[in-house]
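The next block holds one structure in the form of structure tokens; read it before the comments.
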Amino acid sequence: GEQVEQRPPHLSVPEGDSAVIICTYTDSATAYFYWYKQEPGAGLQLLMSVFSNVDRKEEQGLTVLLNKKDKQLSLNLTAAHPGDSAVYFCAVRRSSNTNKVVFGTGTRLQVLP
Amino acid sequence: EAAVTQSPRNKVTVTGGNVTLSCRQTNSHNYMYWYRQDTGHGLRLIHYSYGAGNLQIGDVPDGYKATRTTQEDFFLLLELASPSQTSLYFCASSERGRGNTLYFGEGSRLIVV
Chain A
1 GEQVEQRPPH
11 LSVPEGDSAV
21 IICTYTDSAT
31 AYFYWYKQEP
41 GAGLQLLMSV
51 FSNVDRKEEQ
61 GLTVLLNKKD
71 KQLSLNLTAA
81 HPGDSAVYFC
91 AVRRSSNTNK
101 VVFGTGTRLQ
111 VLP
Chain B
1 EAAVTQSPRN
11 KVTVTGGNVT
21 LSCRQTNSHN
31 YMYWYRQDTG
41 HGLRLIHYSY
51 GAGNLQIGDV
61 PDGYKATRTT
71 QEDFFLLLEL
81 ASPSQTSLYF
91 CASSERGRGN
101 TLYFGEGSRL
111 IVV
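Protein sequence lines, in the order shown, are assigned to chains A and B. Counting in the working numbering, the first sequence runs from 1 upward without gaps. Counting in the working numbering, the second sequence runs from 1 upward without gaps.
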């Protein structure tokens, strides 16, 4: 079945710097891609979702890049601030005929003031 | 605003004990899921359901039963709890056709001693 590797597991950046998280998936039929954020003591909340026909999507200081050739998905937080400190998860779904979502292993991001 | 409520939020039980985790969603979503979150593994799907009376097996189902009694309620049952089931459990719901965004509860932390 689908496997998703996520790196790095931990990331510390100074405030104002960018932070990049990368996921690699295995199934070339994967069609839907998600980034979730988990704040301490809370469930996951969706940051962004992209369909496989999108290579790049930007929203509110976040950039998602999709490289289907290398089966790689990345999240770039530009000008990170302490409020961005959280655990980030990528997730993928194979196609429209399944609701099964597979998650990456998570990245704990710390933004240092 | 989507709402997924889990109970109990914290539970300690003994090995061999019987535990039921409850989840209620008020989103009118068809799909509900149970995940477990463990360091180094991210979120792993235990069971999911696309409606009352339906149950689908996830990726790590061993030792778990689940039951969807109504569209709103999804229960996870551990009939003979083991220490390996010590984890943080998340329930989520989604509506197919809207990008399958998962809406998560706040989690139930289970410790099996």
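Glycine included, each C-beta is placed from N, C-alpha and C at the ideal position. Keep in mind the model is a prediction, meaning the values are calculated, not measured.
*asked:* Run through chain A and tell me which residues come within less than 9 Å of residue 22(B), C-beta to C-beta.
replied: Numbered from 1 along the second sequence, position 22 holds the residue referred to as residue 22(B). Per Cβ cutoff of 9 Å: no residues; residue 22(B) is ~15 Å from chain A at best.
*Could you name the residues that DSSP lists as bridge partners for residue 111(A)?*
The residue given as residue 111(A) occupies position 111 in the first sequence. Paired residues: 13(A).
_Please list, in chain order, the residues of the segment 76-110 of chain B that have any C-beta partner in chain A closer than 9 Å._
90, 91, 92, 94, 96, 97, 99, 100, 101, 102, 103, 104, 105, 106, 107
_Alpha-carbon to alpha-carbon, residue 26(B) and residue 15(B)_ = Working through the second sequence from its first residue, we reach residue 15(B) at position 15. Working through the second sequence from its first residue, we reach residue 26(B) at position 26. Each residue's Cα considered, the two are about 33 Å apart.
_Please tell me whether residue 71(A) has its Cβ less than 8 Å away from any Cβ of chain B._
One-based indexing of the first sequence puts residue 71(A) at position 71. With 8 Å as the cut-off, residue 71(A) does not count as an interface residue toward chain B.
*asked:* What would DSSP say about residue 71(B), mapped onto helix, strand or coil?
replied: The residue you call residue 71(B) lines up with position 71 of the second sequence. It is coil, neither helix nor strand.
*Span separating the alpha-carbon of residue 68(A) from that of residue 102(A)*: As a working note, residue 68(A) is residue 68 in the first sequence. As a working note, residue 102(A) is residue 102 in the first sequence. Approximately 17 Å between the Cα atoms of the pair.
*Using a beta-carbon distance below 8 Å, is residue 43(B) in contact with chain A?*
By 1-based counting over the second sequence, the position of residue 43(B) is 43. So yes, residue 43(B) belongs to the interface.
*Are the beta-carbon atoms belonging to residue 111(B) and residue 4(B) less than 8 Å from one another?*
Here residue 111(B) corresponds to residue number 111 of the second sequence, with the count starting at 1. Here residue 4(B) corresponds to residue number 4 of the second sequence, with the count starting at 1. For residue 111(B) and residue 4(B), no; Cβs fall outside 8 Å.
*In three-state DSSP terms, what is residue 6(A)?*
For the purposes of this step, residue 6(A) is taken as the residue at position 6 of the first sequence. It is a strand residue.
_Judging by CA-CA distance, which residue of 46(A), 54(A), 40(A) is the nearest neighbour of residue 109(A)?_
By one-based count along the first sequence, residue 109(A) stands at place 109. Closest by alpha carbon: 40(A).
_Neighbour-count burial assignment, residue 54(A), 16 or more Cβ in a 10 Å radius_ = Residue mapping note: residue 54(A) aligns to position 54 of the first sequence, counting from 1. When all chains shown are included, residue 54(A) counts as exposed.
_Spatial neighbours of residue 83(B) within its chain, please: C-beta separation below 8 Å, excluding the five flanking residues on both sides._
Taking the first residue of the second sequence as position 1, residue 83(B) is located at position 83. Around residue 83(B): 15, 112, 113.
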